[in-house]
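To start, the structure itself, in structure tokens.
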Amino acid sequence: MTMMGITFTAFPLLLAALFARAAAFAPCPAIPRTRLVFSASPAAVVAAASSPDVVVISPPGGIGEIASLEAARLGKSVKWFVVSSSSSPSSSSTTTTVSLTSDSLSAIETAGGSLEFAGVDAARLLASDGDDEADAASAVAQWCRGTKAVVCTYDGAVEEERRVNKERGGEEPSNPGGVEKLIRRGIRVAAREAVGVADAGAAKVVALYSGEEMGGKNEANQEEKKGFLDLFRGNENAVPDTLVDAMKGAVNVVRYGELFGAPESSPESSPFVGGPRVDPIIRDMYTMRSIRIDPTISVSGNILSGGSKSNRLAVGSAITRLSLTKVDKPDNRNGIDVALSSYPGTMPPTEEEWNAEFDRVVQMISSPTGGATLFTAEFSSVPSTKRLAEWIATKWAPVILRSYDIAGIRVGARPVYAVQTTDDTVELVWQELVNFNPVTSGRMVIRVSENGMTASRGPGDAAAGFGAVSVKPLPGEDILVRRLADAAAQAVEKGLAVKSATSKAKEEMAAKAPAAVIEPPPTPVVTATPIMEPQAQAAASDSGPRSAGVRRSSERARGKSKSASSTEGSFE
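Heads up: the sequence shown is residues -24 to -1, 1 to 548, going by mature numbering (1 follows the signal peptide of the UniProt record, and there is no 0).
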């Protein structure tokens, strides 16, 4: 069924979609809606399948819906595959409502784009009954065959679990988080099937939360798989551990912080909280549209983990542009891994601003440090880069590595020694025990130039599985970065480097005392009553009792005995 470029497709008992057209930003339920209920057989789906430009795999709503609409607005053929969960454990039928504004439909039609929906219950993806025609995973592969891009995200799985629990009567779930985990695993299976039939060189993009699925396999997925083996024992499709593992090859990852904002199908897509008021409250999704994109390895443990926020609209636009290969990405076998943060701003980024932001982050990733710059110090000049590098390797580093903060790391990797690899480069080496053998798991590369010093995170031993630069901070890395600032100051004191002119000027301005301001004496006030001037005081030499009229006593003879004095004064 097609309507203004929107095509609805469903597998039997897999998805029933309700489509509604509403006025822009109008969540009011009184507005009339057109509902379309549809179903199709797998044979019809395969027969009607065409090669799309983009396939989006996600739970209902969320970033997946935003990315699908954004790609369709850009004139592309889009297929959105929705992985959801049934309200009843014994049933696999689901109902999904998608509400789009008339402006969005007009924009898609004007641009010549198309949008096709299909979906499946997550449990059907994880369990196959052996019938190829009814196999949900096979149907996904047939529906997505020949796509030029695959986009996947988990966003919306938590909301889907809330919906399921609400429709089950609000009863306490026996397995909290079970629906979310089921949907996540279903998305990974669908992603694997879609990538397997995608066009050669198809773009693969993943949107993940900051810190999620970083560093390959994780214990949570292993426990998750173990728990579901009992449920689908002997009948379960092999589930990849991560989305990157499911999509294989060069996968571009866009990470986000705390999400805010909502797609058009959500009542919260209205600009105003609680509707129009005398003093309206505008949602953050319309006031925080400015964005910044950075390499994930340079912001791990810093920006995103510190409470950064990301607008769903911006994340959806970012993964859409990556999937359409509108950005010149570096020739990187492992793809790029970037983080998006949103900041105050009422206007969304233009195409030129998007391209400029991606060009900047790609340039950082393509640099020798790979975007993992941890520390930078500027000098006016360095008389000898070799001497400064030798001092760092032989004097500064051994003292820091023997400090309690570093030597006290007892679990995992820790920096153990420093080595000067070239005349201007020093490497601090992290090692950890793997099967009771020390293995290099990471490095900090310190480079000294004629006008500065930089430190960046480097890879470990590729033969031991540490060939990629870690996207997580290495243990003790923050301590070394703080001590590097002290090292830069010590290098200036020892004459190994000359302080930059900017720093000198700032210190001179801070040390220079402000000039004293001499105020003119106040002008005397003339009054009608004459001012009596006090009498002049006597000089200091005339002060004393005699000036006050006191006479000195008569002189007494000195040097004579008392008897002589009394004889002279007696009368005979």
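Every residue, glycine too, gets a C-beta built ideally from N, C-alpha and C. Here the structure is a predicted model, which means the values were calculated and not measured.
- Task: May I ask you to verify whether the region 248 to 268 touches the region 83 to 97, counting CB pairs closer than 8 Å and requiring at least 3?
- Result: no
- Message: So the candidates are ALA238, PHE57, SER82; which of them puts its Cα closest to the Cα of GLU92?
- Response: That would be PHE57, whose Cα lies nearest to the Cα of GLU92.
- Task: Could you work out which residue in ARG459, GLY145, GLU234 is closest to SER379 when comparing CA atoms only?
- Result: ARG459
- Assign ASP108 to one of three DSSP states: helix, strand, or coil. Only weak support is given to the placement of ASP108: the predicted model assigns it a pLDDT of 46, under 50, and the value that follows is read from those uncertain coordinates. In the structure shown, ASP108 sits in coil (DSSP, three-state: anything other than H, G, I, E or B).
- Message: Here's a check: name, in chain order, each residue in its chain whose Cβ is nearer than 7 Å to the Cβ of ALA166, leaving out the five neighbours to either side.
- Response: ILE33, PHE57, VAL59, LEU101, VAL116
- Got a sec? Which residues, its chain only, sit under 6 Å from ILE372 by beta carbon, not counting five neighbours each side? First, the amino acid is wrong: residue 372 is Trp here, not Ile. Spatial neighbours of TRP372 in its own chain (CB-CB distance under 6 Å, excluding positions within 5 residues in sequence) are listed in chain order as ALA463.
- Message: With three or more beta-carbon pairs closer than 8 Å as the criterion, would you say the region 122 to 131 touches the region 33 to 44?
- Response: yes
- Task: Run through the region 78 to 166 for me and flag every whole alpha helix (DSSP H) of 4 or more residues, listed as ranges in chain order.
- Result: 78 to 87, 98 to 102, 112 to 119, 133 to 143
- Task: Just tell me which of SER343, ILE455, ILE295, PRO28 has its CA closest to the CA of ASN331.
- Result: ILE295
- Task: Evaluate contact between the region 213 to 228 and the region 157 to 177, counting only Cβ atoms and requiring at least three cross-stretch pairs below 8 Å.
- Result: As far as the Cβ criterion goes, the region 213 to 228 touches the region 157 to 177, which means the pair count is three or higher.
- Message: Can you list, in chain order, the residues of its chain with a C-beta nearer than 7 Å to that of ALA473? Leave out the 5 residues immediately preceding and following it.
- Response: Excluding sequence neighbours, ALA473 sits near PHE355, VAL358, LEU364, ALA467.
- Item | For ASN287, the three-state DSSP class (helix, strand or coil) | strand
- Item | Option in VAL291, ARG253, GLU453, ALA179 with minimal Cα separation from ILE376 | GLU453
- In whole angstroms, what separates the C-alpha of MET420 from that of ARG386? Taking the straight line from one Cα to the other gives about 19 Å.
- Query: What's the C-alpha gap between ALA369 and GLN339?
  - Reply: Taken atom to atom, the span from the alpha-carbon of ALA369 to that of GLN339 is near 30 Å.
- Task: Mind checking which residues open and close the alpha helix (DSSP H) that includes ALA383?
- Result: 380 to 383
- Three-way DSSP call (helix, strand, coil) for residue 549 in this model: Limits of the chain in this structure are -24 at one end and 548 at the other, which puts residue 549 out of reach.
- Message: With DSSP as the reference, identify every bridge partner of GLN407, one or two as the case may be.
- Response: The bridge partners DSSP lists for GLN407 are ARG390, THR416.
- Item | Cβ-Cβ separation, VAL229 to VAL291 (assumed contact under 8 Å), whole Å | The Cβ separation is near 12 Å, so there is no contact.
- Item | Backbone CA spacing between SER317 and VAL415 [nearest angstrom] | 35 Å
- Task: Please look up how many angstroms separate the CB atoms of ALA178 and THR123, rounded, as I've assumed it's under 8 Å.
- Result: 6 Å
- Can you find a C-beta in chain D that's less than 8 Å from the C-beta of SER379? The structure shown contains no chain D; it holds only a single protein chain.
- Using CA coordinates, which residue listed in PHE351, VAL424, GLU41, LEU235 is at the minimum distance from SER80? From the listed residues PHE351, VAL424, GLU41, LEU235, the smallest Cα separation to SER80 is found for GLU41.
- Message: When you compare the CB positions of GLU403 and SER417, do they come within less than 8 Å of one another, or not?
- Response: Here GLU403 is not near SER417, since their CB atoms are 8 Å or more apart.
- Task: Could you tell me the distance, in whole angstroms, from the CA atom of GLY251 to the CA atom of GLY321?
- Result: 21 Å
- Query: What are the residues that DSSP puts in a beta bridge with GLU354?
  - Reply: Residue pairing by DSSP places GLU354 opposite GLY428 in a beta bridge.
- What are the start and end residues of each continuous beta strand (DSSP E) run of 3 or more residues lying completely inside the region 235 to 281, in chain order? 266 to 271
- Message: Counting C-beta neighbours from all protein chains within 10 Å, is the total for THR272 16 or more, i.e. buried, or is it exposed?
- Response: buried
- Quick one: residues in its chain with C-beta nearer than 7 Å to the C-beta of VAL134, no 5 flanking neighbours on either side, listed in chain order? GLU156
- Message: Let's test the definition: count the other Cβ atoms within 10 Å of the Cβ of LYS52 and tell me whether it reaches 16, buried, or not, exposed.
- Response: buried
- Message: What does the alpha-carbon distance come out to for the pair PRO256 and VAL249?
- Response: 7 Å
- Query: For the alpha helix (DSSP H) that contains LYS362, what are its first and last residues?
  - Reply: 361 to 367
- Message: Going by beta-carbon coordinates alone, are THR77 and GLU240 separated by less than 8 Å?
- Response: yes
- Item | Same chain only: Cβ atoms within 6 Å of CYS4, ignoring 5 sequence neighbours per side | In this prediction, CYS4 scores a pLDDT of 35, lower than 50, which makes its location untrustworthy; no coordinate-derived value is stated.
- Item | Beta-carbon spacing of ARG164, VAL227 below 8 Å | ARG164 places its beta carbon 8 Å or farther from that of VAL227.
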